[in-house]
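Presented below is the structure to which this report refers.
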Amino acid sequence: MKITDIKIIVASPGRNFVTVKIYTDEGLTGIGDATVNGREKSVVAYLEDHLVPILIGKDPMRTEDIWQYLYKGAYWRRGPITMAAISGIDMALWDIKAKAANMPLYQLLGGKSRDKVMVYKHVGGLDISEVVEGVVKMREAGLDAIRAQVSIPGLPPIYGTGPSLDQTKGGMITALPTEEVWATHKYLPLVPKLFEKVRDAVGWDVHLLHDVHHRLTPIEAARLGKDLEPFRLFWLEDAVAAELQEGFRIIRQHTTQPLAVGEVFNSIYDLQTLITEQLIDYIRVTSVHAGGVTGLKRIFDFAAIYHVRSACHGPMDVSPVAMGCNIHVDTAINNFGIQEFSGYTEETYDMFPRSWRYERGYLHVGETPGHGVDIDEKVAAKFPYSPAYLPVARLEDGGMTSW
Ligand code: EZ4
Ligand code: CO
Numbered sequence: 000m001k002i003t004d005i006k007i008i009v010a011s012p013g014r015n016f017v018t019v020k021i022y023t024d025e026g027l028t029g030i031g032d033a034t035v036n037g038r039e040k041s042v043v044a045y046l047e048d049h050l051v052p053i054l055i056g057k058d059p060m061r062t063e064d065i066w067q068y069l070y071k072g073a074y075w076r077r078g079p080i081t082m083a084a085i086s087g088i089d090m091a092l093w094d095i096k097a098k099a100a101n102m103p104l105y106q107l108l109g110g111k112s113r114d115k116v117m118v119y120k121h122v123g124g125l126d127i128s129e130v131v132e133g134v135v136k137m138r139e140a141g142l143d144a145i146r147a148q149v150s151i152p153g154l155p156p157i158y159g160t161g162p163s164l165d166q167t168k169g170g171m172i173t174a175l176p177t178e179e180v181w182a183t184h185k186y187l188p189l190v191p192k193l194f195e196k197v198r199d200a201v202g203w204d205v206h207l208l209h210d211v212h213h214r215l216t217p218i219e220a221a222r223l224g225k226d227l228e229p230f231r232l233f234w235l236e237d238a239v240a241a242e243l244q245e246g247f248r249i250i251r252q253h254t255t256q257p258l259a260v261g262e263v264f265n266s267i268y269d270l271q272t273l274i275t276e277q278l279i280d281y282i283r284v285t286s287v288h289a290g291g292v293t294g295l296k297r298i299f300d301f302a303a304i305y306h307v308r309s310a311c312h313g314p315m316d317v318s319p320v321a322m323g324c325n326i327h328v329d330t331a332i333n334n335f336g337i338q339e340f341s342g343y344t345e346e347t348y349d350m351f352p353r354s355w356r357y358e359r360g361y362l363h364v365g366e367t368p369g370h371g372v373d374i375d376e377k378v379a380a381k382f383p384y385s386p387a388y389l390p391v392a393r394l395e396d397g398g399m400t401s402w
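Anchor point for the sequence shown: position 388 equals 387 in numbering that gives the first Met the number 0, and the numbering is continuous, going up by one each time.
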């Protein structure tokens with residue numbers, strides 16, 4: 000089999016998605032997700048200028064060799080743009096391979112290790128009572144795992160705390176970055192109060208999660224971990240920016256609060272220290288940013304050796320294609336932990352016909368050959384690219400900070 004053509008489709012059915020479509024001389028096609036939120040066009044240029052020309056004529060069945068060719072062969076390794084481009088290609092190639100085998104992708108990854116995939120969804124609110132109300136509703140909707148975020152009284156709402164503020168362009172995803180305000184000393188005492196109220200309302204038979212969005216220092220995160228211990232959270236996510244993996248040693252020394260990190264990682268080397276020193280409990284890499292099906296499976300197998308479980312990033316900017324690939328990997332591996340799932344706009348669902356399905360807190364893998372997600376290009380054509388950025392964060396004195 001030979002690759003005859005590769006098309007890059009950019010569309011914005013609620014938010015921007017970059018989709019790679021690979022054509023072969025045997026008529027089989029495959030698609031992959033290559034979206035990097037807020038940097039979409041850089042991936043398109045990388046793909047169109049550099050990867051498409053060198054892939055035409057290659058054998059699409061050689062998924063490992065093509066992955067290595069694009070990774071090692073670039074000389075300039077890693078990075079979110081490069082790795083998203085490789086991810087998009089890799090997903091499309093696995094789609095073709097599984098279609099050629101006439102099997103759903105999970106069969107090529109070892110078959111089913113579980114029947115369904117537990118997800119968590121997000122609840123946000125401007126104050127604690129709003130969040131508690133949202134968590135109760137979410138529980139009624141069948142969720143066994145729920146992420147809760149609250150705004151800081153006296154400060155403007157921050158990313159991730161509003162009712163889906165982080166999910167639509169009508170919220171806080173804007174044409175130019177908005178600037179938010181962050182104050183750690185106001186946040187730290189608030190979060191334990193939130194989870195005390197949430198536990199009072201929904202009890203202990205539910206997994207509760209919280210995302211710090213990289214905003215603390217290690218010692219501040221250690222304090223938060225200790226203060227949250229009575230409420231037995233499933234995890235504390237992105238407690239600190241993890242460029243310095245060793246920073247997690249400080250958190251780990253002080254708290255038994257389980258830790259998760261990795262949604263911005265794109266290579267196994269971003270997490271090597273975290274995993275081998277068992278500084279975290281869940282690794283949050285996702286197919287679209289960590290090297291496709293090939294990269295994701297490699298990282299999770301590595302993590303398994305160190306008792307670290309999977310937790311694929313799965314917000315709305317991880318497209319239904321990448322979500323489909325995540326679900327196949329989630330279903331096949333032994334060390335599955337949880338899958339983030341925000342759901343999508345109706346327009347997005349129309350654009351990506353798929354065989355996976357969501358039902359009351361769980362995702363179910365599809366049985367169609369390939370990864371089971373397709374793109375309706377007529378629908379895509381109705382939603383042209385529209386520039387959108389994540390917000391940035393400043394301290395109250397105006398200094399830039401992590402968000
Ligand atoms: O900030 O998807 O856990 N989920 C998250 C997301 C991310 C965005 C980045 O594009 O933290 O909301
Ligand atoms: Co997160």
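For each residue, glycine too, the CB sits at the ideal point set by N, CA and C.
What whole-angstrom Cβ distance do residue i and residue j have, given they're in contact under 8 Å?
i, j, result
"residue 57", "residue 23", "Between residue 23 and residue 57 the Cβ distance is about 10 Å, and since that is not below 8 Å, they are no contact."
"residue 307", "residue 274", "5 Å"
"residue 228", "residue 255", "6 Å"
"residue 259", "residue 234", "4 Å"
"residue 296", "residue 108", "6 Å"
When the distance is taken between beta carbons, is residue j closer than 9 Å to residue i?
i, j, result
"residue 370", "residue 37", "no"
"residue 328", "residue 354", "no"
"residue 390", "residue 158", "yes"
"residue 360", "residue 312", "no"
"residue 238", "residue 211", "yes"
"residue 83", "residue 34", "yes"
"residue 412", "residue 89", "Residue 412 lies beyond the residue range present for the chain, which begins at 0 and ends at 402; the question has no answer from this structure."
"residue 393", "residue 129", "no"
"residue 27", "residue 95", "yes"
"residue 287", "residue 330", "no"
"residue 206", "residue 282", "no"
"residue 265", "residue 78", "yes"
"residue 244", "residue 278", "yes"
"residue 106", "residue 97", "yes"
"residue 232", "residue 253", "no"
"residue 15", "residue 316", "yes"
"residue 12", "residue 382", "yes"
"residue 213", "residue 401", "yes"
"residue 197", "residue 292", "no"
"residue 174", "residue 387", "yes"
"residue 345", "residue 118", "no"
"residue 362", "residue 322", "yes"
"residue 123", "residue 140", "no"
"residue 349", "residue 378", "yes"
Please tell me whether, using a cut-off of 8 Å, the distance from the CB of residue i to the nearest non-hydrogen atom of the ligand EZ4 is below it.
i, result
"residue 201", "no"
"residue 403", "Outside the shown range of the chain (0 to 402) lies residue 403, about which nothing can therefore be said."
"residue 36", "yes"
"residue 399", "no"
"residue 12", "no"
"residue 317", "yes"
"residue 232", "no"
Of the choices the options, whose alpha-carbon is the least far from that of residue i?
i, options, result
"residue 268", "16, 294, 120", "294"
"residue 81", "90, 54, 49, 62", "49"
"residue 397", "252, 182, 246", "182"
"residue 332", "303, 120, 356", "303"
"residue 86", "42, 388, 55", "42"
"residue 190", "145, 374, 54, 127", "127"
"residue 289", "9, 31, 13", "31"
"residue 7", "324, 14, 46, 122", "46"
"residue 3", "62, 20, 110, 79", "20"
"residue 225", "5, 174, 257, 301", "257"
"residue 115", "215, 104, 150, 357", "357"
"residue 61", "109, 113, 93", "93"
"residue 155", "148, 133, 125", "125"
"residue 367", "204, 103, 379, 334", "103"
"residue 150", "136, 142, 188", "188"
"residue 112", "343, 341, 335", "335"
Is it the case that the CB of residue i approaches a heavy atom of the ligand CO more closely than 8 Å?
i, result
"residue 206", "no"
"residue 288", "no"
"residue 283", "yes"
"residue 143", "no"
"residue 262", "yes"
"residue 396", "no"
"residue 210", "yes"
"residue 253", "no"
Return yes when the C-beta of residue i is under 8 Å from any heavy atom of the ligand GTP, and no when it is not.
i, result
"residue 237", "Absence of the ligand GTP is noted for the structure shown, with the ligand EZ4 and the ligand CO being the only ligands found."
What beta strand (DSSP E) runs, 3 residues minimum, are completely inside the stretch 217-293? DSSP runs (the beta strand (DSSP E)) wholly in the stretch 217-293: 234-236, 258-260.
Beta strand (DSSP E) segments (min. 3 residues) lying fully within the stretch 86-112: For the stretch 86-112, not a single whole beta strand (DSSP E) run of length 3 or above is found.
Beta strand (DSSP E) runs contained entirely in the stretch 129-213, provided each spans 3 or more residues: 144-149, 178-181, 206-210
Could you pull out every unbroken alpha helix (DSSP H) segment of at least 4 residues lying fully inside the stretch 352-395, listed in chain order? 376-380
Counting only runs of 4+ residues fully inside the stretch 320-351, write out the alpha helix (DSSP H) ranges in chain order. 345-350
Which parts of the stretch 28-84 are runs of the beta strand (DSSP E), unbroken and 3 residues or longer, counting only runs that do not cross its ends? Secondary structure in the stretch 28-84: the beta strand (DSSP E) runs of 3 residues or longer, each lying completely within the stretch, are 28-32 in chain order.
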